[in-house]
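Just below is one structure, and these are the notes that go with it.
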Amino acid sequence: MQALEKVLVKFEVSKQDIEKAKAYQAKFGGALERLLINMGSISEDSLPEIYAQLLNASILPLDAIANWQPPSQSLQLNQQFLIARGWVPYRFVEGQWCFATVSPLNWEVLQYLSNSQLDYQRIIATDEVFEQLKLASQGDDVSVAQDYDLLSDVEEDKLRELASEAPTVNLLNSLIARALKLGASDMHLEPHKGRYRVRFRVDGVLHEVELLPSRLQLPVISRLKILANMDIAEKRRPQDGKIEMKISNTGLDIRVSSLPLNEGESMVMRFLRKDAVRYDMSVLGLSPDIEEKIKADLKHTAGVVLLTGPTGSGKTTTLYTFLNELNNDDVKIITLEDPVEYQLEGVNQVQVKPEIGFDFSSGLRSIVRQDPDIIMIGEIRDQETARIAMQSALTGHLVFSTVHTNDAPSAYTRLLDLNVEEFLLNAALVAIIAQRLARKICPHCATQDENAAELITKYQLHALAQQSGIDTINLLNAQGCQQCANTGYKGRMAVIEYLRSDSEIRGMAKDENFIEKAKAYNHSIGNRTLLEDGLVKAMQGLTTIDEVIRVCG
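Residue numbers (UniProt numbering): 1 to 553.
Here you go:
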């Protein structure tokens, strides 16, 4: 045990955490390293390396098992006993066994091997490798589990037991750790072709990372529901929950959503990491000319600044950044959100609760009575919220909010559809910012685009480059490497269409021709469309043409 503790210290586990885990172990039992994982002191991903150093063993790579077949001599062993405890007979050579294991210190297995007087060695397997070996050893049971829409007490107790077993706990912890390591914002688990598919959303794009056996679907769902304080017996209605946990010494909030499907349940986990978000204008990736215009808008003491775009386009992050820029001891800032995702120091953040009648409109009426200088409304969804927001701007408040439209001029027509008077819009609106998020090209593997000449002609980039002050067009191609998980991209930046509500825009009739007129005028004064701003970033070598077309085309 002392040898294990020495290795754990090398992995920056504090002696205090080790002592806490040992005290728990003495009282309740359990493996020391597993207890430390549950405490959040080490990550599941680091466990194979810890075992490898402790036992001077190698780690079995995934590509080594592509065509692997169980050794025929495995029939001599109690395979069910071994596999249930994290050991798979990997090969048998000249009388010696080699076992691939995710739990090389399991006392029951070591005792079994000793009593059987077997000559053996251990090779360390990751959870992913072990699952593949187990499937090949046992054959995958892809039958769909029985209908658990209505669970008996016995069945519910059985589910709770399965959800609390080490394989389920370790699998879920491992998936969460992998998602965080890749910088995923969401993890999706859903039935797919008789398996339970796991996908991570990294930089806004979903990537399949795992296909779990169908028999793990119910235990994993139940484990998630227990952690999120959801009803594990409820399979017919959607549910929402929240998990607070610690992974690798990092505090983590996870929003969990369940949705009943025809073949089971879809579970989505959204990761909220405070240490991963910086509310700084430089991080948004704004073009210098747009950043200058926005900073001028932030100097207003009254008016409405709107952000538009679809869900997941980074509107809330941008609004938080604006608030952070304005946040100081001289102003009072109140936000009204659904939900409050990140806590901003020095800002009064309010969570709406529609189930008790405290929605955006009623909350906004209450906020105004608190004498704020700056108000942020998560979203303008209805006529009353829109009208109060505009009127608040006229009474000396700087208001930030979002609406769902495809471009900046369309925000006017959206608000008019909500029956907001035209004179209110003209008097209150300061600027409208349409936003998308484009992935940044990975600097480690980017190469020159061989089709650059063709793309320059197709998108008329010479004229756009001249208009934007770009001397050299640098079109790159995303290749993929270890640094970017073979996606070719790493991180995201904002692509912006900016529309200021100046005298010309205010003077335009807000009729069926307004959007086209506003677009033409905005372009005539040098403001770019979303596509053009994306193409400018592509010409600067910050992203690719393909990515720009994906998000703005």
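Each residue gets a CB set at the ideal place from its N, CA and C atoms; glycine is no exception. Computed from a predicted structure; not experimentally measured.
- Compute the Euclidean distance between the alpha carbons of V536 and L464, then round it to the nearest angstrom. 7 angstroms
_Here's the rule I'm using: 16 or more other beta-carbon atoms within 10 Å means buried, otherwise exposed. How should G122 be labelled?_
First, the amino acid is wrong: residue 122 is Arg here, not Gly. R122 should be labelled buried.
Output the boundary residues of the alpha helix (DSSP H) element that contains Y320. 315-326
- [ ] Take L77 and list the residues in its own chain whose beta-carbon comes closer than 7 angstroms to its own, dropping the five residues that flank it on each side.
- [x] P89
(message) In the DSSP assignment, the beta strand (DSSP E) including V403 goes from what residue to what residue?
(response) 398-403
Indicate the three-state DSSP secondary structure (helix, strand or coil) for E265 in the structure shown.
strand
#### Entry: Nearest-angstrom Cβ-Cβ length linking E497 and D407, presumed shorter than 8 angstroms
6 angstroms
Using the DSSP secondary-structure output, state which residues sit across from A438 in a beta bridge. M493
For W97, list the residues DSSP reports as bridge partners. F92, Y120
- Cβ-Cβ distance between L60 and V7 below 8 angstroms: no
> For F271, which of helix, strand or coil comes out of DSSP?
Replying inline: strand
Exercise. Does the count of Cβ pairs from the stretch 256-268 and the stretch 233-241 closer than 8 angstroms reach three?
Worked result: yes
(request) Please confirm if the stretch 328-337 is in contact with the stretch 367-384, defined as three or more CB-CB distances below 8 angstroms between the two stretches. (result) yes
Next on the checklist: Please list the terminal residues of the continuous alpha helix (DSSP H) segment that includes L180.
Outcome noted: 166-181
What's the C-alpha gap between V144 and G194?
Model confidence at V144 stands at a pLDDT of 35, short of 50, so the residue's coordinates are unreliable; what they give is reported in the following sentence. The alpha-carbon atoms of V144 and G194 are separated by roughly 7 angstroms.
Report task. Since I believe S185 is in contact with F92 (beta carbons under 8 angstroms), could you give me their beta-carbon distance rounded to a whole number of angstroms? Result -> F92 to S185, Cβ: 45 angstroms. No contact.
(request) Alpha carbon to alpha carbon, how far is R85 from Q73? Give it in angstroms, no decimals. (result) 19 angstroms
Taking C-beta to C-beta, are C445 and G488 nearer than 8 angstroms? yes
>> I need the boundaries of the alpha helix (DSSP H) containing Q111, first residue and last residue.
In response: 107-115
Report task. Starting from G303, trace the alpha helix (DSSP H) both ways and give me its first and last residue. Result -> Premise fails: G303 lies in the beta strand (DSSP E), 303-308, not in any alpha helix (DSSP H).
Worksheet entry | Candidates A125, S137, D471, D502, of which the one nearest L75 by Cα | S137
DSSP on R201, reduced to helix/strand/coil?
-> strand
- Hey, is T413 close to the ligand SAM, as in C-beta under 7 angstroms from one of its heavy atoms? The ligand SAM is not part of the structure shown, which contains no ligands of any sort.
**Asked** Anyone know if the C-beta pair for M390 and I473 falls short of 8 angstroms?
**Response** no
### Local conformation of residue 557 per DSSP, three classes
Any question about residue 557 goes unanswered here, given that the chain covers just 1 to 553.
For P372, count neighbouring C-beta atoms within 10 Å of its own C-beta (all shown protein chains included) and say buried if the count is 16 or more, exposed if not.
buried
Exercise. Given a threshold of 16 other Cβ atoms within 10 Å of its Cβ, counted over all protein chains shown, does P310 qualify as buried or as exposed?
Worked result: exposed
Got a sec, what are the start and stop residues for the alpha helix (DSSP H) N67 sits in? No alpha helix (DSSP H) holds N67; DSSP gives it neither H nor E.
C-alpha distance - S283 paired with G553, whole-angstrom precision: Just to set this straight, residue 283 is Val in the shown sequence, not Ser. If I take the Cα positions, the gap works out to 24 angstroms.
Between the stretch 305-325 and the stretch 392-404, are three or more C-beta pairs nearer than 8 angstroms? yes
K293 versus I456, F322, K519, S114, residue with shortest Cα-Cα distance = F322
Closest Cα partner of P70 within the set E44, C98, S58, L47: C98
May I have the straight-line CA-CA distance separating T543 from E33, to the nearest angstrom? 42 angstroms
(request) Could you say if the stretch 162-182 and the stretch 200-217 meet the contact criterion of at least three C-beta pairs nearer than 8 angstroms? (result) yes
ask   = So L344 is in the alpha helix (DSSP H); what residue range does that whole segment cover?
value = First-last for L344: undefined, no H or E at that position.
Return yes when the Cβ of M493 is within less than 8 angstroms of the Cβ of G285, no when it is not.
yes
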